[in-house]
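Novice: Chains as they are written, first to last, in the numbering used here: chain A, 6 to 150; chain B, 6 to 150.
For each residue, glycine too, the CB sits at the ideal point set by N, CA and C.
There are 2 protein chains.
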Amino acid sequence: MSTIYTTAEDAEEAFYDAIGRGDLDALMATWSEDEEIVCIHPTGQRMDGHTAIRESWRSIFESNPRFSVHIRSKVRWESMLISVHSVVETLFLEKDQTTHGPMLTTNVFIRGANGWRLLSRHTSAAAEAADNDDDPQNGQKHTLH
Amino acid sequence: MSTIYTTAEDAEEAFYDAIGRGDLDALMATWSEDEEIVCIHPTGQRMDGHTAIRESWRSIFESNPRFSVHIRSKVRWESMLISVHSVVETLFLEKDQTTHGPMLTTNVFIRGANGWRLLSRHTSAAAEAADNDDDPQNGQKHTLH
Numbered sequence: 006m007s008t009i010y011t012t013a014e015d016a017e018e019a020f021y022d023a024i025g026r027g028d029l030d031a032l033m034a035t036w037s038e039d040e041e042i043v044c045i046h047p048t049g050q051r052m053d054g055h056t057a058i059r060e061s062w063r064s065i066f067e068s069n070p071r072f073s074v075h076i077r078s079k080v081r082w083e084s085m086l087i088s089v090h091s092v093v094e095t096l097f098l099e100k101d102q103t104t105h106g107p108m109l110t111t112n113v114f115i116r117g118a119n120g121w122r123l124l125s126r127h128t129s130a131a132a133e134a135a136d137n138d139d140d141p142q143n144g145q146k147h148t149l150h
Numbered sequence: 006m007s008t009i010y011t012t013a014e015d016a017e018e019a020f021y022d023a024i025g026r027g028d029l030d031a032l033m034a035t036w037s038e039d040e041e042i043v044c045i046h047p048t049g050q051r052m053d054g055h056t057a058i059r060e061s062w063r064s065i066f067e068s069n070p071r072f073s074v075h076i077r078s079k080v081r082w083e084s085m086l087i088s089v090h091s092v093v094e095t096l097f098l099e100k101d102q103t104t105h106g107p108m109l110t111t112n113v114f115i116r117g118a119n120g121w122r123l124l125s126r127h128t129s130a131a132a133e134a135a136d137n138d139d140d141p142q143n144g145q146k147h148t149l150h
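1) Report yes if the CB atom of Leu-96 (chain A) is closer than 8 angstroms to the CB atom of Val-74 (chain A), and no otherwise.
2) What does DSSP give as the partner residue(s) for Lys-100 (chain B) in the beta ladder?
3) Check whether the segment 61-77 of chain B touches the segment 24-35 of chain B, counting contact only when three or more Cβ pairs, one atom from each stretch, lie closer than 8 angstroms.
4) List, in chain order, every chain A residue whose beta-carbon is nearer than 8 angstroms to that of Val-74 (chain B).
5) According to DSSP, which residues form a beta bridge with Gly-146 (chain A)?
6) Whole angstroms is fine: what's the gap from Asp-149 (chain A)'s alpha carbon to Ala-118 (chain A)'s?
7) Who are Asn-119 (chain A)'s beta bridge partners in DSSP?
8) Under a CB-based cut-off of 8 angstroms, is Leu-124 (chain B) close to chain A?
9) So Ala-132 (chain B) contacts chain A; which residues on that side make the cut at Cβ distance below 9 angstroms?
10) Of the choices A:Asp-53, A:Ile-87, A:Asp-39, A:Glu-41, whose alpha-carbon is the least far from that of His-147 (chain A)?
11) Using CA atoms only, rank isn't needed, just tell me which of B:Tyr-10, B:Ser-91, B:Thr-103 is closest to Thr-110 (chain B).
12) Ignore the nearest five residues each way along the sequence and tell me which others in Trp-144 (chain A)'s own chain have a CB closer than 6 angstroms to its CB.
13) 8 angstroms is my cut-off, CB to CB: does Asp-136 (chain A) come that close to chain B?
14) Nearest to Glu-41 (chain A) by alpha carbon, out of A:Met-85, A:Ala-57, A:Gly-49?
15) My output table needs one value for Glu-38 (chain B): the three-state DSSP class, helix, strand or coil.
16) Is DSSP giving Thr-56 (chain B) helix, strand or coil here?
17) Which bits of chain A does Leu-96 (chain B) rub up against, with CB to CB less than 9 angstroms?
18) Can you tell me which of B:Thr-48, B:Lys-100, B:Glu-17 puts its alpha carbon nearest to the alpha carbon of Trp-36 (chain B)?
19) According to DSSP, is Ile-87 (chain B) helix, strand or coil?
20) Just verifying my parser: in three-state terms, what is the DSSP assignment at Ile-24 (chain A)?
21) Comparing C-alpha positions only, which one of A:Arg-116, A:Ile-115, A:Phe-20, A:Glu-94 sits nearest to Met-108 (chain A)?
22) Along chain B, which residues have their Cβ under 8 angstroms away from the Cβ of Val-113 (chain A)?
23) Check whether the Cβ atoms of Thr-128 (chain B) and His-46 (chain B) sit closer than 8 angstroms, and answer yes or no.
24) Among all the DSSP beta bridges, which residues are the ones paired with Ile-76 (chain B)?
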């Protein structure tokens with residue numbers, strides 16, 4: 006009874022929407038259930054599998070009851086089964102009205118029986134300079150054949 | 006006149022071999038020439054394209070004339086066109102005989118006319134705890150259909 010995401014972009018949007026609503030179930034529903042999954046947080050923690058990833062996000066939501074993530078899509082590579090998105094994230098914490106980031110993220114999606122889902126997410130803090138880039142590649146999409 | 010890597014593993018091995026030899030040309034030859042490429046260093050710098058990536062590695066080799074990277078493969082997802090490898094790296098600097106890391110890396114490879122090549126590389130420092138994991142998933146490979 007889960008949502009079917011017909012594109013990797015839909016799954017990605019649902020993932021960040023779930024963060025903005027602090028909805029752990031919705032967030033976990035954007036991850037693949039069929040495959041081993043990995044989430045690397047900017048703290049340097051590497052989470053394997055649904056249980057560990059869920060627990061890490063539960064803890065993040067607990068510490069930050071309300072925050073949202075704004076993303077800029079840098080480049081997307083898309084094939085039939087796997088899609089890779091390189092994005093730059095900025096976090097906005099409502100509790101103290103502060104902005105954090107930028108964060109650099111590589112989101113990998115897989116297409117399965119239930120549409121596109123997250124397979125791997127790798128996030129790390131950007132060096133200062135990454136903040137003010139505004140290159141023409143913004144949002145460029147490559148479809149691989 | 007470039008080497009054709011018949012598997013993503015071959016391309017990955019060639020990449021780390023090139024690091025160990027400090028061979029910038031060989032290292033750059035493991036990257037895709039057909040696609041936009043991205044390399045995110047543990048410093049938080051995000052390099053786009055051959056010129057920027059080459060310059061960043063030239064600078065790394067210049068600062069560290071001799072170093073090698075030992076990798077542990079954690080999980081690999083492989084489809085017809087894209088392969089994603091999640092690995093843990095340990096760096097060994099010969100000049101002062103020190104070990105650095107672990108680093109968490111997501112290597113993405115693409116299969117093109119010249120075989121498998123690097124498309125995206127994202128590396129960040131692991132939290133302390135990541136060092137002593139020795140989980141049974143080590144090196145697990147998933148072929149996607």
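Specialist: For this structure:
1) Taking a C-beta distance under 8 angstroms as the contact criterion, Leu-96 (chain A) and Val-74 (chain A) qualify as a contact pair.
2) Looking at the DSSP assignment, Lys-100 (chain B) forms no beta bridge with any residue, so it has no partner.
3) Cβ pair count under 8 angstroms is three or more, so yes.
4) The contacting residues do not exist; Val-74 (chain B) stays about 17 angstroms from chain A at best.
5) Reading off the sequence, residue 146 (chain A) comes out as Lys, not Gly. Lys-146 (chain A) is bridged to A:Arg-81.
6) Here the sequence assigns Leu to residue 149 (chain A), which means Asp is not the residue at that position. Between Leu-149 (chain A) and Ala-118 (chain A), the C-alpha separation is close to 21 angstroms.
7) None, per the DSSP bridge assignment.
8) yes
9) Scanning chain A for C-beta atoms nearer than 9 angstroms to the C-beta of Ala-132 (chain B) yields His-46, Thr-48, Gly-49, Gln-50, Arg-51, reported in chain order.
10) A:Ile-87
11) B:Ser-91
12) Reading the sequence as shown, one finds Gly at residue 144 (chain A) and not Trp. Excluding sequence neighbours, Gly-144 (chain A) sits near Ser-78.
13) With a pLDDT of 44 at Asp-136 (chain A), under the threshold of 50, the modelled position of this residue cannot be trusted; read the value that follows with caution. Asp-136 (chain A) does not count as touching chain B.
14) If we check each option's Cα against that of Glu-41 (chain A), A:Ala-57 comes out closest.
15) Here Glu-38 (chain B) sits in coil by DSSP.
16) Here Thr-56 (chain B) sits in helix by DSSP.
17) Those do not exist, as Leu-96 (chain B) stays about 15 angstroms from chain A at its closest Cβ, beyond 9 angstroms.
18) B:Glu-17
19) strand
20) In the three-state DSSP reduction, Ile-24 (chain A) falls in the helix class (H, G or I).
21) A:Glu-94
22) Trp-82, Val-89, Thr-111, Val-113
23) With contacts defined by Cβ atoms closer than 8 angstroms, Thr-128 (chain B) and His-46 (chain B) form a contacting pair.
24) Its beta-bridge partners are B:Glu-94.
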